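Chains A and B, in that order, are what the protein sequence lines are. Heads up: the first sequence begins at 15 in this note's numbering, then just goes up one per residue. Heads up: the second sequence begins at 2 in this note's numbering, then just goes up one per residue. Just so it is clear, CB atoms sit at the ideal spot from N, CA and C, and this is done for glycine as well. Owing to the predicted nature of the structure, the values given are computational and were not obtained by experimental measurement.
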Amino acid sequence: MITFENVSKWYGDFQVLKDCTTSVARNEVVVVCGPSGSGKSTLIKCANALEPYQAGKIEVDGIDFGDPKTDLPKLRARIGMVFQSFELFPHLSVVDNIAIAQVKVLERDATDARDRALALLDRVGLKEHAEKFPAQLSGGQQQRVAIARGLAMDPVAMLFDEPTSALDPEMINEVLDVMVELAQEGMTMMVVTHEMGFARKVADRVIFMDEGQIIEDAAKDDFFGSPRSDRAQSFLSKILSH
Amino acid sequence: MEGFDFSVIGDNLPFLWKGMQMTLLLTALAMSGGIIIGTLLALARLSSFKPLSMASAAYVNFFRSLPLILVIFWFYFLVPLVVGRPVGGFYSVLVAFTLFEAAYYSEIIRAGISSVRSGQAAAAKALGMTYTQTMRYIVLPQAFRAMIPILLTQAIILFQDTSLVYVVGLHDFLVSAEIVANRDQRLVEMYSFVAIVYLVLCFTASIGVRSLQRKVQK
Chain A
15 MITFENVSKW
25 YGDFQVLKDC
35 TTSVARNEVV
45 VVCGPSGSGK
55 STLIKCANAL
65 EPYQAGKIEV
75 DGIDFGDPKT
85 DLPKLRARIG
95 MVFQSFELFP
105 HLSVVDNIAI
115 AQVKVLERDA
125 TDARDRALAL
135 LDRVGLKEHA
145 EKFPAQLSGG
155 QQQRVAIARG
165 LAMDPVAMLF
175 DEPTSALDPE
185 MINEVLDVMV
195 ELAQEGMTMM
205 VVTHEMGFAR
215 KVADRVIFMD
225 EGQIIEDAAK
235 DDFFGSPRSD
245 RAQSFLSKIL
255 SH
Chain B
2 MEGFDFSVIG
12 DNLPFLWKGM
22 QMTLLLTALA
32 MSGGIIIGTL
42 LALARLSSFK
52 PLSMASAAYV
62 NFFRSLPLIL
72 VIFWFYFLVP
82 LVVGRPVGGF
92 YSVLVAFTLF
102 EAAYYSEIIR
112 AGISSVRSGQ
122 AAAAKALGMT
132 YTQTMRYIVL
142 PQAFRAMIPI
152 LLTQAIILFQ
162 DTSLVYVVGL
172 HDFLVSAEIV
182 ANRDQRLVEM
192 YSFVAIVYLV
202 LCFTASIGVR
212 SLQRKVQK
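Below you can see the structure in the form of structure tokens.
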């Protein structure tokens, strides 16, 4: 579904991604973890071309991002993305946040888009908040709306960039619950997160990154059982000890 | 010296109102045109395509270095040369005001666009929106909301500046009052009246802007 082939990226002289090769298969859930500054968020942003990369190849559903003929907006519309800081549109009501791209990008009828938005809000448990504005919701609620907004586009895959890192601890689970449910329904997901409980529960594979490199790319049980690299081991021991 | 006779104001109200309509019309048209062109200039200035952003910067710096009255003169003589026929004072000052204001509006709008978090544009793009859709539906509505008070402050300045049209012989509010003042020899009364009208209008407007500002900042 998503393949990275020898992807490298530089900010000026600084190389943020070094020769990254991996893939996410259909219906697979891949968790990407690693210390901050390891390039994991950059990698996931490359997966819908929000960040340009200078070398290598990224394909989604067989379509090459690097091909100048690729209609980037159209391709992005097929991949849902959830950001660390939610990024709901503050000038639009909750239901309009979910409806606007359906109407403007997918050219759905406004009533259909709204019905669909309400159904998705119901699914993430926020139907009664449909007419509120994002600022009136808690962080956890906002992030659930953001997930609904991504799902409304009927994406072939969902990308999550540290979806719970900006949340107060008591709100993390309400967001993770929605994500677990999605994973169990077979959604193809690539998730940058430090929530190892989530990884254990639903991930098929875990990728560990450090200094722009993919150090470890293993099936979940192998990763948690016995990570091969020292760096992954020490990262895991740090992150699991609290 | 004779006493003051303020009845001259009442007697000439319809004539003065006509002048005020010209002032308001010019302000409204130059403001709308200035905001539209100013938005395009701001987007050009923020473009990653260098020649476009440089052209926009050159435009803005050029107009901001000129006194408004020079721009008015310039277009009064230049526009007829370009069009090939006289266009009259109204259209030439309208063009001059619009292009001049656009330079100032573009700086305000550029700051407004820059104040919208970059994650907003990223989120819009991630949903498949094109650049135009991202700007139109997501970034600009937020930018304008934050900018409304400053845009209105600029409109108040423009409202006062429209009095410069007297140099091309247009009958705005000030010129109409001047005509009455000279004809009826009531200079003090008329000029006092003009001052009070400008004062009341601009002062009320700026109080309105301030309360709006408080609302926006909430």
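Supposed contact pair residue j and residue i - C-beta distance, whole angstroms, cut 8 Å
{"i": "residue 213 (chain B)", "j": "residue 195 (chain B)", "result": "With 8 Å as the limit, residue 213 (chain B) and residue 195 (chain B) do not qualify as a contact, their Cβ atoms being about 27 Å apart."}
{"i": "residue 77 (chain B)", "j": "residue 104 (chain B)", "result": "Going by Cβ atoms, the distance from residue 77 (chain B) to residue 104 (chain B) rounds to 19 Å, so no, they are not a contact pair."}
{"i": "residue 5 (chain B)", "j": "residue 190 (chain B)", "result": "6 Å"}
{"i": "residue 86 (chain A)", "j": "residue 57 (chain A)", "result": "The Cβ separation is near 18 Å, so there is no contact."}
{"i": "residue 103 (chain A)", "j": "residue 121 (chain B)", "result": "7 Å"}
{"i": "residue 52 (chain A)", "j": "residue 224 (chain A)", "result": "5 Å"}
{"i": "residue 162 (chain A)", "j": "residue 100 (chain A)", "result": "In fact, because the Cβ distance is near 12 Å, the residues do not count as touching under 8 Å."}
{"i": "residue 91 (chain B)", "j": "residue 171 (chain B)", "result": "6 Å"}
Segment limits, alpha helix (DSSP H) that includes residue i
{"i": "residue 237 (chain A)", "result": "234-239"}
{"i": "residue 110 (chain A)", "result": "108-118"}
{"i": "residue 246 (chain A)", "result": "244-254"}
{"i": "residue 89 (chain B)", "result": "89-115"}
{"i": "residue 11 (chain B)", "result": "8-12"}
{"i": "residue 78 (chain B)", "result": "69-84"}
{"i": "residue 149 (chain A)", "result": "Neither: residue 149 (chain A) is in no alpha helix (DSSP H) and is coded neither H nor E."}
{"i": "residue 56 (chain A)", "result": "54-60"}
{"i": "residue 54 (chain B)", "result": "51-65"}
Backbone secondary structure at residue i - three-state DSSP
{"i": "residue 2 (chain B)", "result": "Bear in mind that a pLDDT of 45 at residue 2 (chain B), under 50, signals an unreliable position, so the number given afterwards is only what the model happens to contain. In the structure shown, residue 2 (chain B) sits in coil (DSSP, three-state: anything other than H, G, I, E or B)."}
{"i": "residue 33 (chain B)", "result": "helix"}
{"i": "residue 184 (chain A)", "result": "helix"}
{"i": "residue 21 (chain B)", "result": "helix"}
{"i": "residue 22 (chain A)", "result": "strand"}
{"i": "residue 178 (chain A)", "result": "coil"}
{"i": "residue 164 (chain A)", "result": "helix"}
{"i": "residue 153 (chain B)", "result": "helix"}
{"i": "residue 15 (chain A)", "result": "coil"}
{"i": "residue 65 (chain A)", "result": "coil"}
{"i": "residue 71 (chain A)", "result": "strand"}
{"i": "residue 206 (chain A)", "result": "strand"}
{"i": "residue 129 (chain B)", "result": "coil"}
{"i": "residue 259 (chain A)", "result": "Nothing in the structure corresponds to residue 259 (chain A), since chain A is present only between 15 and 256."}
{"i": "residue 136 (chain A)", "result": "helix"}
{"i": "residue 179 (chain B)", "result": "helix"}
{"i": "residue 124 (chain B)", "result": "helix"}
{"i": "residue 191 (chain A)", "result": "helix"}
{"i": "residue 153 (chain A)", "result": "helix"}
{"i": "residue 45 (chain B)", "result": "helix"}
{"i": "residue 190 (chain B)", "result": "helix"}
{"i": "residue 85 (chain A)", "result": "coil"}
{"i": "residue 209 (chain B)", "result": "helix"}
{"i": "residue 142 (chain A)", "result": "helix"}
{"i": "residue 39 (chain B)", "result": "helix"}
{"i": "residue 171 (chain B)", "result": "coil"}
{"i": "residue 27 (chain B)", "result": "helix"}
Element boundaries [beta strand (DSSP E), containing residue i]
{"i": "residue 31 (chain A)", "result": "28-38"}
{"i": "residue 95 (chain A)", "result": "93-96"}
Paired residues, beta bridge with residue i - DSSP
{"i": "residue 227 (chain A)", "result": "A:224"}
{"i": "residue 201 (chain A)", "result": "Partner(s): none; residue 201 (chain A) has no beta bridge."}
{"i": "residue 219 (chain A)", "result": "A:44, A:233"}
{"i": "residue 171 (chain A)", "result": "A:93"}
{"i": "residue 78 (chain A)", "result": "A:73"}
Cβ pair count under 8 Å reaching 3, the region 34-54 of chain A against the region 199-207 of chain A: Counting Cβ pairs under 8 Å, three or more are found: they touch.
Segment contact flag, the region 77-93 of chain A with the region 125-141 of chain A, C-beta cutoff 8 Å, min 3 pairs: With the cut-off at 8 Å, the region 77-93 of chain A and the region 125-141 of chain A do not touch.
Inspect the CB distances between the region 18-37 of chain A and the region 56-71 of chain A and report whether three or more fall short of 8 Å. Contact holds: three or more Cβ-Cβ distances are below 8 Å.
Between the region 48-67 of chain B and the region 115-133 of chain B, can you find at least three pairs of beta-carbon atoms closer than 8 Å? No, the region 115-133 of chain B does not touch the region 48-67 of chain B.
Do the region 162-182 of chain A and the region 51-68 of chain A touch if we need at least three Cβ pairs shorter than 8 Å? Flag = yes, the region 162-182 of chain A and the region 51-68 of chain A touch.
Hey, is the region 99-116 of chain B in contact with the region 30-50 of chain B, meaning 3+ C-beta pairs nearer than 8 Å? A contact exists between the region 99-116 of chain B and the region 30-50 of chain B.
The region 147-158 of chain B in contact with the region 44-53 of chain B per 3-pair CB rule at 8 Å: No, the region 147-158 of chain B does not touch the region 44-53 of chain B.
Contact the region 131-150 of chain A vs the region 176-186 of chain A: 3+ CB pairs below 8 Å: Of all C-beta pairs linking the region 131-150 of chain A to the region 176-186 of chain A, fewer than three are shorter than 8 Å, placing the two stretches out of contact.
If you pair each beta-carbon of the region 190-197 of chain A with each one of the region 211-218 of chain A, do three or more pairs fall below 8 Å? With a cut-off of 8 Å, the region 211-218 of chain A and the region 190-197 of chain A count as touching, because enough Cβ pairs lie within range.
Using 8 Å as the threshold, is the region 114-121 of chain A in touch with the region 130-146 of chain B, meaning 3 or more CB pairs across them? In the pairwise beta carbon analysis, the region 114-121 of chain A is classified as touching the region 130-146 of chain B: at least three pairs are separated by under 8 Å.
Under 8 Å, with one C-beta from each stretch per pair, do the region 90-103 of chain A and the region 160-170 of chain A reach the 3-pair mark? Contact between the region 90-103 of chain A and the region 160-170 of chain A is present, because at least three Cβ pairs lie under 8 Å.
For the pair the region 154-161 of chain B and the region 134-144 of chain A, tell me if three or more CB-CB distances fall below 8 Å. Output reads no: the region 134-144 of chain A does not touch the region 154-161 of chain B.
Would you call the region 11-21 of chain B and the region 231-238 of chain A in contact, with 3 or more CB pairs under 8 Å? Not touching, per the Cβ criterion.
Could you check whether the region 22-38 of chain B touches the region 93-100 of chain B, counting it as contact only if at least three pairs of C-beta atoms, one from each stretch, sit closer than 8 Å? They touch, by the three-pair rule.
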